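Before any comments, here is the structure.
Numbering (the working numbering), first residue to last: 4 to 723.
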């Protein structure tokens, strides 16, 4: 009986659609394109582009006729598009051929007639050195997911801004995906440009991908951000928002939700301030295809409570793939029903791309449907030889307000931003007032394309996921310094702009009490304040009637910890940690019978050193493993990870039988900082690591702070 009902619902007539007041538009924009066959949700432009041909189209809702807007570009691949607020322009990304990246184009359109009013205008172009870049970085000879991608740059996912600009994502940052050992996959981050394509500006510095910007009614841009700062690599691809200039970035939903692993193509529901629709998708192997979910951000945004499944018979309960509810039981398979591109018409009605029952990667399985929360699927349009994507009413919409951050020009000139913490104890459970003395300012480092192993392109000697640590962190980390916290829990300080900055709350011994396991890209001159630790956007500041103590003085600049000359420190184990061990520990912890059976000498091993491997493998340094799928995704209370849980730190603070001298605070601070930086080994991504290269001039170079935080290798290619 259920199958009969579904069939009837799928066969509802165009007359029924016309009677629906939510379908009060005459024309529908959409893309014709054969289904991507990507290996991951974020690799459509990398290994999903093997099927060329398609168009940007208009469907006449009355006659059901389809008009191809750009026949002269029909042999390429159309990605995503956006309609201008006045419905007279469409901006889109398009790929011409395998060795040419996606570029942004724009056409004029008549919203009444559904025809274009101008020829396509190209807005972004390849960098001048594009061919040299392809020649340098192309590793398609490796086969596998590399076979279709030549490391050209790509500009994608355009979104009109109310100030006349266009937001997009691009690989021009030239970052590799951190968890990708062979370094085939690339990262996209947020950019903006003027409406004519000029002044292309990078807004974020994220180490892993950002996607699919869309406008919110309040003037902010909603987008998907993938991240893992001391969290498993798969679990957090969540919704964030930012101002059109990249400032004010803030979590919208899901910063520690494991399943579904990916929240993609989010849009605000019309007329609703706190309601959004998104796709819940696997991490792999697919092209951002999944289940439709509505999110109510008035509820607790770091729980599953805000989620309502519009398509409750489809879910993602593990990796890889999808789960389907069949006869009351969850079954894992790769066929439909599967969904894409939810466009909200109301709280309970959506336009979607929908595959009823074919394999997820079937080239022509997806058509355009109207979907309701009650489970009704009304077919709008399908094509016999291709799939249809991104249904979008061709009509005007209200232009959101133009938001601009208040920028301090003097700070901007110094590439700094300003932070104010009102009360760091707010939300920090189990920590007594007065216990927090400092905030340590850390950076998670992106991995540049320029750290490629040209001497070992197949990765037989050193995989990229071992460029930082022994199974702990995937990203390099750097310290910018510490700033004081006042008695009332307030702090007022500057941070470097255009960096992936996160904070650690420290006690008097420079041991971490709580870690911010996410990051913020502060824009130059931006001023930001937060209520406390572990706050959410819905938190309100405490009303004490008093000015926070830190606000009564000029902002602090990040300064050094005891024993350091500057706050800017490279987390390079051989030069930051091993000297402490050599001075205070190696006397007993060496030889054939080292104390506690723990050899802490700095003798080099195949990839690291003896002391490092013994400390990490001996579980002396508790940390979340970023190379795991889910580890560390849920919230971690204070003192549950890092130096306050470390056996190493506990022992050195207790004192060792063979050393009567108390470890000085300068040495303790270095050990604690390293532990709290997830026990990484290498302070940068540069140099040859395998012991086989020990006689090479580029073997394990000691990086300066500038080199560690740079995107350009300090060594010429010929000498690497």
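Just so it is clear, CB atoms sit at the ideal spot from N, CA and C, and this is done for glycine as well.
Keep in mind the model is a prediction, meaning the values are calculated, not measured.
Here the alpha carbons of residue 463 and residue 666 stand approximately 41 Å from one another. Rounded to the nearest angstrom, the Cβ distance from residue 192 to residue 207 is 5 Å, consistent with a contact under 8 Å.
Taken through DSSP and simplified to helix, strand or coil, residue 533 comes out as strand. Contact between residue 536 and residue 430 holds: their C-beta atoms lie close to 5 Å from each other, under 8 Å. Excluding sequence positions up to five before and after residue 718, its CB lies within less than 6 Å of the CB of 701, all in the same chain and listed in chain order. For residue 518, there is no enclosing alpha helix (DSSP H); the enclosing beta strand (DSSP E) covers residues 515 to 518.
Around the C-beta of residue 308, fewer than 16 other C-beta atoms lie within 10 Å, and the residue is accordingly described as exposed.
Secondary structure at residue 255: strand, using DSSP grouped into helix, strand and coil. A Cβ-Cβ separation of about 5 Å places residue 42 in contact with residue 288 under the 8 Å criterion. Beta bridge pairing from DSSP links residue 345 with no other residue.
Every alpha helix (DSSP H) of 4 residues or more that sits fully in the segment 93 to 181 is shown, in chain order, as 133 to 140. Going by beta carbons, residue 636 and residue 239 fall inside the 8 Å limit. Positions of the alpha helix (DSSP H) runs, each at least 4 residues long and wholly inside the segment 394 to 424, are given as 412 to 416 in order along the chain. The residue among 132, 188, 245 with its C-alpha nearest the C-alpha of residue 171 is 245. Secondary structure of residue 657 (DSSP, three-state): helix. Residue 32 sits in a strand when the DSSP states are folded into three classes.
A residue is called buried when at least 16 other Cβ atoms come within 10 angstroms of its Cβ; residue 492 meets this threshold and is buried. Its chain contains 140, 186 as the residues whose beta carbon lies nearer than 7 Å to that of residue 455, once the 5 sequence neighbours on both sides are disregarded; these appear in chain order. Rounded to whole angstroms, residue 96 and residue 188 show a C-alpha spacing of 19 Å. For residue 614, no beta strand (DSSP E) encloses it; the enclosing alpha helix (DSSP H) starts and ends at 613 to 620.
The beta carbon of residue 490 lies closer than 7 Å to those of 437, 552 in the same chain, with the five residues before and after it left out. In the DSSP assignment, residue 710 falls within the alpha helix (DSSP H) that extends over 708 to 711. Annotation for residue 243: 226, 228, 252, 253, 254, 255 place their beta carbon closer than 7 Å to its own, counting only its chain and skipping 5 residues before and after. Excluding the 5 residues flanking it on each side, residue 554 has same chain C-beta neighbours closer than 6 Å at 495, in chain order. It is roughly 21 Å from the alpha-carbon of residue 88 to the alpha-carbon of residue 281.
Within the DSSP bridge table, the entry for residue 312 names 296 as partners.
Selection 359, 476, 642, 510 evaluated against residue 292 yields 359 as nearest (Cα-Cα). For residue 669, no beta strand (DSSP E) segment is defined; the enclosing uninterrupted segment is the alpha helix (DSSP H) at 668 to 679. Cα atoms of residue 328 and residue 341: separation of roughly 12 Å, rounded to the nearest angstrom. By DSSP's assignment, residue 499 forms a beta bridge with 419.
Here residue 22 carries a coil assignment [DSSP, helix/strand/coil].
In the DSSP secondary-structure assignment, residue 205 is bridged to 194. The beta-carbon separation of residue 55 and residue 79, rounded to 6 Å, stays under the 8 Å limit for a contact. Under the DSSP assignment, residue 578 falls in the alpha helix (DSSP H) whose first and last residues are 576 to 579. Taking the C-beta atoms as reference points, residue 258 is found nearer than 8 Å to residue 521. Distances from the alpha-carbon of residue 116 to those of 84, 644, 62, 457 put 62 closest.
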